[in-house]
């Protein structure tokens, strides 16, 4: 039904059916629908002066007397769509837009005004908006962007020209129009813009802008030094323009190298090996630039590489002297004489001028000035004696300097090894505290000794031990060489007595096996000690034998009282003697006796010692010389007597008695009123003489450091005389 048409009744009367119910006897009625309508249609965007008429609702129950009222509900009822409640006419109050809403669903009913009863059931109808061409075509975007590889074929948006090149023009802008109604008159249209960018492809090979390049480098340039840059141009972009440079051939391909700068796509020429102007002054290289990412579609355009010639000239500079070696090793015997040449260093001027070179020793590496060098030829010689045991290696530096240009100098290390010679005698490895038990048996081992040597023979140390020849037949002890650089001290008799001899001195000769053979004599001090039955030492103190074993406290007090009484008597005697008056020598001037001259002389002091020389007594082993009395003139000059060797005097007491007898019978001996003092330590004492009478004869200060090596018995002396360094400090 068109909106202008009025609705007609589909049914003209109502059908009623009456049936009697078996249960209640009531009559049921069914009323047929008395009104109905179809869809209504409206044009959108109506612009007339009046409201747009939609249609009319009407029911058969409407008698035209105004008793019925039409009511409209649903989408837009009362706002968009208005109904005349008396006549049922429907109008559109506003302009409608199908693009906003194309269909409205409404419901209509008719009621009795008086009773309010609904005379017809509520019915639903639809109002559809009819479309008109009131909207032009619109694109979803105002601006479109597209990209297509250059040299591409046809597509939806076609290229108008074949083989379009990005290098000529990269971006294009296209305006596209869309029309509705098939482009007929009255249709609407819309436009949009498409920006088209050509994507780069590798369709251009690299090309050098010039065929030849010139570079120069000083000959002192170290490996890795850049000399210059070259660049091949490629109009492509990104990875399509990436270039790899290489040296294809040339006489400097092993001397120079080229690397690619990934940021600038340049080739950097660098030094690969040390240059030498004197050997070669010009190099020629052929450098090749190649694309790294090739596109097989464009290989027919030609080879994607190019070559250029690079010439490199070497510049001469004044170089320092060059030694023939990187270092020198010289070996010299430690007994080499001063002034002897031990080796030579050689340096040359690498320049064409060949300047003269002088040699010097860096004194910071030779503070003691042990070595020196001839400045003209580089020969090294010794200036001071060498000692391998003190310094086995010397590391010095030799400097070579050009005479014409002292700024040009170079230096080289020289390692000097001092070769060992056998110049030290072996000696005992330590101080041995040896003892023998009083109850020892013959053939008993009492001590094992070993030796050390400061030298280092190439075949190792080999020591031999034996007794001094004069002690070879010693009745007390013997020595056995174990052939392993040790020796054993063996007893040769049964039993030893502390009361007779508490200490024995056994001299032992130690030999080495190097050339020349060196030997030394070491003396073992053997104490006689009391031991138990198992041979364990109990006591070695000889003073214990002189004292009674069981002195009581009372006895000790009595001894002390006696000593005090004696001291008191001595003091009293001295006091009485001082009080005694001296008788005058001359009682009267008339005394005719010879005058006695009184000398109040205290003596000559040390000048009296000039009457005799006691040096011989201080050193019994020294060879005696003729000593004449200085206080009297001897009448006869006697022959020099030779004293028997010291080692024949087994007992010290016998030696002293013999010396006294010789002095008593010697007319050249000092006068009897002189005091002969003996300070003999014994032949077997390793300490020798400790007297200070001979200290004036030494050339310098006595070195007592060896006392610290003699063991705990000499610790006190070592502390007293070994403080020379602290005194100097």
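Numbering (the working numbering), first residue to last: 17 to 745.
Beta carbons: idealized from backbone N, C-alpha and C, even for Gly.
Values in this document were obtained by computation on a predicted structure and should not be read as measured data.
Item                                                                                                                                                                        : Value
Using the rule of at least 16 other Cβ atoms within 10 Å of the residue's Cβ for burial, across every protein chain shown, is residue 367 buried or exposed?                : buried
Rounded to the nearest angstrom, what separates residue 715 and residue 723 at their Cα positions?                                                                          : Caution is warranted here: a pLDDT of 47 is assigned to residue 715, below 50, making its placement in the model unreliable, and no coordinate value can be reported.
Between residue 392 and the rest of its own chain, which residues show a CB-CB distance below 6 Å, the 5 nearest in sequence each way excluded?                             : none
Taking the alpha helix (DSSP H) that residue 746 belongs to, which residues open and close that run?                                                                        : The displayed coordinates of the chain run from 17 to 745. Any statement about residue 746 would go beyond what the structure contains.
Check residue 121 in the structure and name its three-state DSSP category.                                                                                                  : strand
How many Å lie between residue 37 and residue 67 at the Cα?                                                                                                                 : With a pLDDT of only 36 at residue 37, under 50, the local geometry of the prediction cannot be trusted, and no value is derived from it.
Quick check: residue 365 and residue 337, are their CB atoms within less than 9 Å of each other?                                                                            : yes
Buried or exposed for residue 233, going by 16 or more other Cβ atoms inside 10 Å?                                                                                          : buried
State yes or no: is the C-beta of residue 123 within less than 9 Å of the C-beta of residue 145?                                                                            : no
Using only alpha-carbon positions, find the residue among 223, 221 and 492 that is nearest to residue 505.                                                                  : 492
Given a threshold of 16 other Cβ atoms within 10 Å of its Cβ, counted over all protein chains shown, does residue 74 qualify as buried or as exposed?                       : buried
Could you pull the DSSP bridge partners for residue 355 from this structure?                                                                                                : Paired residues: none, contrary to the question.
Using a Cβ-Cβ distance under 9 Å, would residue 543 count as near chain D?                                                                                                  : Reference to chain D is not applicable here, since this structure consists of a single protein chain.
Which first and last residues belong to the alpha helix (DSSP H) in which residue 808 is found?                                                                             : Given that the chain is displayed from residue 17 to residue 745, the structure contains no residue 808 and the question cannot be resolved.
Using alpha carbons as the reference points, say which of 501, 510 and 220 lies closest to residue 445.                                                                     : 501
Just to confirm my understanding: we take residue 551, look at its own chain, exclude 5 residues before and 5 after, and list those with CB closer than 7 Å. What are they? : 453
Consult DSSP for residue 477 and reduce its assignment to one of helix, strand or coil.                                                                                     : coil
To the nearest angstrom, how far is the alpha carbon of residue 350 from that of residue 499?                                                                               : 29 Å
Taking the C-alpha atoms as reference points, what is the distance between residue 64 and residue 91?                                                                       : 23 Å
Using CA coordinates, which residue listed in 594, 472, 330 and 480 is at the minimum distance from residue 297?                                                            : 330
Along the chain, where does the beta strand (DSSP E) containing residue 538 start, and where does it finish?                                                                : 535-547
Using a Cβ-Cβ cutoff of less than 8 Å, which residues in the same chain neighbour residue 378 once the five nearest sequence positions on both sides are dropped?           : 412, 413, 414, 415 and 427
Please state whether DSSP places residue 412 in a helix, a strand or coil.                                                                                                  : strand
In three-state terms, what does DSSP make of residue 724?                                                                                                                   : helix
Please report the residue range of the beta strand (DSSP E) in which residue 453 lies.                                                                                      : 450-453
Per DSSP, which one or two residues make a beta bridge with residue 331?                                                                                                    : 234
My guess is that residue 440 and residue 534 are in contact by the Cβ rule of under 8 Å, so how many angstroms apart are they, rounded?                                     : 6 Å
Applying the criterion that 16 or more other CB atoms from any shown protein chain within 10 Å of the CB defines a buried residue, is residue 469 buried or exposed?        : buried
Would you mind reading off the limits of the beta strand (DSSP E) that contains residue 90?                                                                                 : 84-90
Let me check understanding here. Comparing Cα to Cα, which of 257, 399, 357 and 549 lies closest to residue 455?                                                            : 549
Report buried or exposed for residue 424, applying the criterion of at least 16 other Cβ atoms within 10 angstroms of its Cβ.                                               : buried
If residue 108 sits next to residue 153, beta carbons under 8 Å apart, how far is it from one beta carbon to the other, in whole angstroms?                                 : At roughly 28 Å, the Cβ-Cβ gap does not stay under 8 Å, so residue 108 and residue 153 are not in contact.
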